[in-house]
Each structure stands twice: as structure tokens, then as C-alpha cells.
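Here is the structure we will look at, set down as C-alpha cells.
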Amino acid sequence: MAGEYGYPFSSVRGDFIRAIVGLVLCSLPVMFGLELIVVLWFLVPLIILFLIFLVRTIFRYVTTVTVTEEWIRVNSFFKTTLYWSEVTDFKLSYFTLWRGGEKGWMEMQLRNAKKSIRIESSLIGFEQVASRALSAAEDNHVSLNSATASNIQAFGFNLKRQEVSVG
Amino acid sequence: MIDYLIRRILVMILTLLVVSALVFIVIQLPEGDYLTSYIAELESQGEAADPQKIVYLQKEFNLDQPIWKQYLLWIGGILQGDFGRSIEYDLPVIDVIGEVFVFAIILNASVIAFIYIVAFPIGVYSATHQYSWGDHGLTFVGFIGLATPNFLLALILMFLAKKYLGISMGGLMDSNFENQPWTLDKVISVLEHLIVPVIVIGTSGTAGMIRRLRANLLDELHKQYVTTARAKGLSNVKLLVKYPLRMALNPFIADIGNLLPQVVSGSVIVAVILDLPTTGPVLLDALRSQDTYLAGSFLLFISLLTVFGMFLSDLLLAVLDPRIRLTGGIAK
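Line by line, the protein sequences give chains E and W.
In this text, residue positions in the first sequence follow my numbering: the first is 47, and each later residue adds one.
In this text, residue positions in the second sequence follow my numbering: the first is 984, and each later residue adds one.
Below, the structure written as C-alpha cells:
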């Protein structure tokens, strides 16, 4: 269970390409001059969003997740450590860009009173990390929302207790 | 969530680029172009077209260029806020659309509000009072709403209003307010004239929405957790609002994507019949005369509404209920 995990380049390559394509598509009209200044209202927020995405992708690429029996640490340019005994919230969300619901990704969010960490399913070893986090959430009697409970079951984890709040 | 938002925005941008290419190609598919129609029209009136003018127009509107170059010039212009020039009106597209666009937005926003405000309580009532007289009556009205074409309803209402009330329902305001600056009286006139178009355009959407909400809510109401909650003594209203209604809202939200373009394209014929100064009649004329840039901009706008509507509904669903809805496998 204990170990260090990271995001391989192959898992962030797509996001680097998306960020750059988005930046180029939204910046080109600005660089070539605008006839209608109103267009700027749409393009500038988009450029900012894609820049944020690029920065987040870089952060994700350099991130390592360390798991021990006592805590989980997400280490990128900053360090965030969360003790398992302090976990107060556990969410497992599923997102997809496909109408059929396939080819999506999971996002796990863990919180204590002060901090939160977010881990994507493209992390090598995500199953082990999520399994340990779920176990901590159950030990701390964290109530799970229905989407999280449904995703846990779809992902193949077994809930020790069926303490699920609908909503 | 933010990663989902940004990835989804990129998909939206790329989809719009593909749609814009398809729109441009489809408009060009019929034989000839605006100029050939123009020359044929002149010849049918016994006049000859001025060859110099034809050459000038060809150059002015890039009609002498290959289609891919025309497209790149058009889309390049749009990305910079220049939607091109309408050949028929000899004005920038943005000026042709101008005020009609504002009216279209007012009308369509009113229709969408009408659909949600009417459909939501009726759908909930129908589901919670299944097989009651009220449910049967509303279901019957819903079926009629679904089965009646908008243009037919418009014609019937126009006829009834003229015959029994002696009023003409055409236009979106009294004629004395046309081309006048906006005043309170003008706003009131617009609101009065909005009632009928909103009912006509909104009826089928409302009926469809009622049916879907009723069906979804009934599915939820028959689930075991509802029985359990009732057995535990939860009040009916609290039980309904807190659990099944929230679950039944998912398809309701997913419908936003279809609603936006449906309302715009569905209002084209109604706008022609009711003589509404919205985008519909202008789009129809532009398509008939192969006014490429004007028609293309309109169709792109409708596509934008579709794609944006889908984006909005996907985003709301991702926020409200980010769970796996399986038809395929889960990828990493």
C-alpha cells in the first residue's frame, strides 16, 4: 500500500496538446487584429482558462503522490500532507467528454478541516491510493454522496458499510 | 472540475470549426451562386447584367476564389469579429442581423422561460397525481401540444384573434413604435405582442418537457428508497423535493442542449407567418438567394446555440451528478 506514485508523460501529453491548441486557437484572432472588440470579451477569458490549464498540467506532470500508513502527501511545487485520521470528506467523481459515457476519467478529492487534495485517475497506482483513501473515509465515518457511492461500486471497490447520503 | 470545463470548452471550439466548414460546404452545394441567381433574375425581367458589375461583385465577395479559400477568408473574418458582407443587402452581415437579433433573443429567451415555468409544475403534478383527472387532462393537452405543428397553431390563433377579438397579432410591436427609440410604451407593446408567439413556439417544447419530467419522476417515485423514506415517516413534500425530484431533473437539464437550437429553428416558420421581425425570415431569404455569408453566419449561430446548449447541460450534469453512466468502459 505504501509507496510513491506519479503521472507518466503519456497521461499528460494529451492535456499539453489541448492547452497549446486552445491557446493558439484563441490567440490567433487577437494577434491578427480584431474588427469587433466584443470578441475580446470571449477570447481573453478563454486564453486565461487555457493558460490555467497549461499551468495545472505542468503541476500535474511534476506531481508525486506519497502514501504511508499515516498520511498521504501530494508533492509538486508545493507540498500538501493529509493525515488519514483527519479526512473529513471523500469524493470520487467521474467526468467524460463522450455522450456515451465512455473514455472518461475519475477525480478523487480528499479534505480535512483545512486542506484538500485532488488526484486524477491517470496517476499510476490510482486504484491503491483511492482504495486507501476510501478505507480512511470509512474509518472516519465520512458520509458519501450518491454519485461517489455509485462510482465506488462501478470502480469495483467494496464499501464496508452502506452509509450513503442521497444527493 | 476545472479540467473538465477546459477540456469541454476545447471540444466545443473544435466542434464549431468543423460545423462551420460543413455549413459553408452545404450552402455552396446547390449549383451556381448568388450572382448566377441574380443574372437569371435580371434576364427573366428582360434586362442584361452589366459584365463589369458582375466581375466587380465576384472580386468583392471572393466568388472567383476556390471554395476552400472562400471558407478560410470567411472563418478568418469571423474569428476577428467580421462576419462578412451580405451580397443581397450590400451591407455588413452584422448590420443586417442588428436589431432582428435582439428581437430574436428577447423572443427565444421568453419562450425558454415559458417552457420551464409551465412544464415544471405541470410535470411534477402529473407524476405525483398519476391517473387522476388532472393528470389525464394535462396529458391530453400535452399530446395535443406535441401533435400540433407550430405554424398551424399560429394560423388558428391569428384567425381566432381577428374574428372574435378584432385584433391583428402580426409583428412584435405596434407599427407606430417601429424604428423608434426604446421607451416604456414600446416595451409594453413588445410584451403584449410577445404573448401569442411565445405560446405558439413554446407549446410543443412545453408538452415534450412535461412528458419527459413526468416519466422521469414516475421512475424515481417507484424506486425502493422512496418507499423506505415514506416508511420512515418523511413528509411527502420533503421526500419529493429532496430526493426523486433532484434525480428526475438530470434529463431535464440534459434537454437544455436540444432546447436552444430547437426554439430558434422552430421559430423560423412561425416568424414568417406572424410577421415577426426576428432572424427567421432573414435566414429563409438568405438561404433562398444563396447569400452565402449571411446564411452561413445564421447557421453558424444556430450551431453555436446547439453546441453551447450541450456544453451548458453537460456542465450542469457534471456539477450536479458526476457519476458513471455506463454504455462503455472506464478508461484511465
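Even for Gly, the Cβ is constructed at its ideal location relative to N, Cα and C.
Per the coordinates, the alpha-carbon of W/Ala1278 lies some 12 Å from the alpha-carbon of W/Ile1008. Three or more Cβ pairs drawn from the region 1130 to 1146 of chain W and the region 1170 to 1185 of chain W lie within less than 8 Å of each other, which places the two stretches in contact. Proximity to E/Ser192 across E/Leu180, E/Val175, E/Ser139 peaks at E/Ser139, based on C-alpha coordinates. Burial state of E/Phe136 is buried, judged by a 10 Å Cβ sphere holding 16 or more other Cβ atoms. The beta-carbon of E/Gly68 is placed less than 8 Å from the nearest beta-carbon of chain W. Minimum Cα-Cα distance from W/Arg1197 among the listed residues W/Leu1129, W/Leu1282, W/Ile1105, W/Gln1273 corresponds to W/Ile1105. For W/Ile1050 against W/Phe1066, the beta-carbon gap comes to about 18 Å, at or over 8 Å, which does not count as contact. Using a CB distance cut-off of 8 Å, W/Leu1062 counts as an interface residue toward chain E.
Distance check between W/Asn1045 and each of W/Ala1087, W/Asp1274, W/Leu1287, W/Pro1305 places W/Asp1274 closest, using alpha-carbon atoms only. In this structure W/Gly1120 is exposed. Its beta-carbon is surrounded by fewer than 16 other beta-carbon atoms within 10 angstroms.
If you look at E/Phe141, you'll find it in the beta strand (DSSP E) that goes 135 to 141.
Neighbours of W/Arg991 in chain E, taken as residues at a C-beta separation under 9 Å, are given in chain order as Phe141, Leu143.
The alpha-carbon separation between E/Ala182 and W/Ala1214 amounts to approximately 32 Å. Within the region 987 to 1016 of chain W, those residues whose Cβ lies closer than 9 Å to any Cβ of chain E are, in chain order, Tyr987, Leu988, Ile989, Arg990, Arg991, Ile992, Leu993, Val994, Ile996, Leu997, Leu1000. Distances from the alpha-carbon of E/Gln199 to those of E/Glu50, E/Asn186, E/Glu173 put E/Glu173 closest. For E/Tyr129, the pairing in a beta bridge is given by DSSP as E/Trp117.
Between E/Thr110 and E/Glu50, the gap from beta carbon to beta carbon is short of 8 Å. Contact fails between the region 1162 to 1169 of chain W and the region 1188 to 1206 of chain W, because fewer than three Cβ pairs, one in each stretch, are under 8 Å apart. Take the alpha-carbon of E/Val76 and the one of W/Thr1262: they are about 29 Å apart.
Taking the Cβ atoms as the reference, W/Leu1200 lies roughly 11 Å from W/Val1209, outside the contact range of under 8 Å. Here the C-alpha atom of W/Pro1075 lies approximately 22 Å from the C-alpha atom of W/Pro1164.
DSSP places E/Gly49 in the uninterrupted beta strand (DSSP E) bounded by 49 to 52. In the three-state scheme derived from DSSP, where H, G and I count as helix and E and B as strand, E/Leu190 is classed as strand. Scanning the region 1077 to 1135 of chain W from its first residue to its last, the whole alpha helix (DSSP H) runs of 4-plus residues come out as 1116 to 1130. Any Cβ of chain W closer than 8 Å to the Cβ of E/Asn158 would place that residue at the interface, and such an atom is absent.
From the beta-carbon of E/Arg64, the residues of chain W found nearer than 8 Å are Ile989, Arg990, Leu993. Close CB contacts of W/Ile1236 within its chain, under the 8 Å cut and outside five residues either way in sequence, are with Ser1296, Leu1299, Leu1300, Leu1303 (chain order).
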